[in-house]
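Heads up, the sequence shown is in our numbering, so the first residue is 324 and it goes up one at a time.
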Amino acid sequence: MARVLIARPRLDCSFKIGTVPDIEGPPSNGVLALFGRFIDGLETYFSGHGWEVTSDKRPLWQFELADMQRAAQSYDLVFFPHKLARQFPIGQNALFYKTTAIPEFLTVDPQGWGASLSFLPVKPAPATGALAFYQRLQERIRENSSVFQQPVQVPVPCDDGYLLFICQLPHDETIQFHSTVTVEQALAVVVAYAEKKQQRLLVKGHPANRKAMVRFREMAEASDTAQWIEDASIHTCLAGASRVFMVNSGVGFEAMLHGKTVVHFGDAEYSNVHLRCEPSVEAIGALENQSVSQEEMASFLYQFFQKTIRYDDMESYHTVLGKYVGA
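Shown next, in the form of structure tokens:
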């Protein structure tokens with residue numbers, strides 16, 4: 324009988340080192356609740372195919388690499404969350420799972436997540452069903468839905484047509500592993516570009532850690548053309564932007580739902596669709612007349628999410644995992 328080990332993090336406490344409640348509680352937010360239902364789906368899928376399923380639940384930070392490497396030798400497959408293969412090399416039989424920027428969908432991949440996904444690049448080829456899928460995703464705008472809970476949508480204090488910069492946590496693994504350009508470097512060059520063009524720039528702070536945003540807020544407030552904003556829905560900010568800038572944030576996916584072209588400075592899942600740019604005013608200027616069509620965005624999103632698992636769709640589990648079950 325084939326055997327699978329699923330490393331299952333507790334969802335009632337931080338994935339980083341911290342306190343652990345004596346009694347396990349419910350997931351700490353809605354995204355983690357979906358994450359838990361996805362892991363339930365993994366267990367159901369493999370047990371339904373006759374595999375022996377072992378689920379190891381503990382706080383994520385308590386999983387040690389050496390222990391996982393030893394355990395992997397006794398299993399046909401090992402699933403581990405929120406790591407890259409090069410960062411956490413469990414073994415050739417390891418698959419890494421993580422929520423995407425649209426939390427209902429998750430990636431499972433031997434290389435990890437984000438720009439490291441082994442199935443990249445995803446080409447935005449026309450496909451039947453792409454437009455309908457795109458329109459369903461756009462319902463997130465009306466619902467004011469995002470990875471983080473959003474404030475009520477109210478007009479931002481700026482006329483439409485502004486530039487928008489999306490801040491990321493400077494120490495985030497997305498920056499650490501998938502970009503040679505820091506958030507500070509990217510913001511500095513976008514501020515300089517906005518000043519040169521005398522165009523209003525909104526700088527959107529990350530909602531998860533305001534302390535980490537202090538330096539970026541100072542940079543925005545030091546400019547005559549930039550304006551710091553944090554208590555506004557990401558969908559409101561995107562709606563009025565003429566162009567969106569970021570290093571490699573998941574907001575790049577949400578920008579597509581608004582039909583907005585993104586200029587980005589790091590590696591991302593969408594690097595072959597949005598406009599990749601070197602961190603200089605001249606490089607940004609050279610892209611001024613380039614844009615991505617809404618048709619390309621819809622095709623990319625459809626093709627990309629066809630390679631993911633939707634937490635409540637067992638057919639998508641089979642599409643992604645079938646090749647491993649049949650091995």
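Cβ atoms here follow ideal geometry from the backbone N, Cα and C, with glycine treated the same way. These figures come from a predicted structure and were not determined experimentally.
- The C-beta distance from Lys630 to Val648 rounds to 17 angstroms, too long to fall under 8 angstroms, and the pair is not in contact.
- Per DSSP, Val648 has no beta-bridge partner at all.
- For the 9 angstroms CB-CB criterion, Val567 and Val585 form a contact.
- Along the length of the stretch 479-542, whole beta strand (DSSP E) runs at least 3 residues long occupy 485-489 and 524-527, reported in chain order.
- Separation of the CB atoms of Val431 and Ile632 is rounded to 6 angstroms, and the pair is thereby assigned contact status at 8 angstroms.
- Shown here for Arg540: same chain residues with a beta carbon closer than 6 angstroms to its own, the five before and five after excluded, namely Trp551 in chain order.
- Assignment of Leu357 by DSSP, reduced to helix, strand and coil, places it in the helix class.
- Burial state of Thr451 is exposed, judged by a 10 Å Cβ sphere holding fewer than 16 other Cβ atoms.
- For Thr422, the secondary structure class from DSSP, reduced to helix, strand or coil, is strand.
- By the criterion of at least three beta-carbon pairs nearer than 8 angstroms, the stretch 528-539 is not in contact with the stretch 377-390.
- With a beta-carbon spacing of about 5 angstroms, Ser556 and Gln476 fall inside the 8 angstroms limit used to define contacts.
- The three-state secondary structure of His405, taken from DSSP, is coil.
- Fully enclosed alpha helix (DSSP H) runs of no fewer than 4 residues occupy 557-562, 574-580 and 604-609 of the stretch 551-625, in order along the chain.
- Distance from the Cα of Gln613 is smallest, within the candidate group Leu624, Leu487, Ser622 and Cys600, for Cys600.
- In the three-state reduction of the DSSP assignment, Asp390 falls in the helix class, which pools H, G and I.
- Residue pairing by DSSP puts Ile632 in a beta bridge opposite Leu429.
- Residue burial is scored here from C-beta neighbours: Asn571 has at least 16 other C-beta atoms within 10 angstroms and is therefore classed as buried.
- One thing to note: Leu418 has its Cβ within 9 angstroms of the Cβ of Val401.
- When the beta-carbon positions are compared, Met620 and Gly364 stay at least 9 angstroms from each other.
- By the 16-neighbour rule on beta-carbons within 10 angstroms, Lys527 is buried.
- Gly414 and Gln434 do not touch by the CB rule: their CB atoms are close to 13 angstroms apart, not below 8 angstroms.
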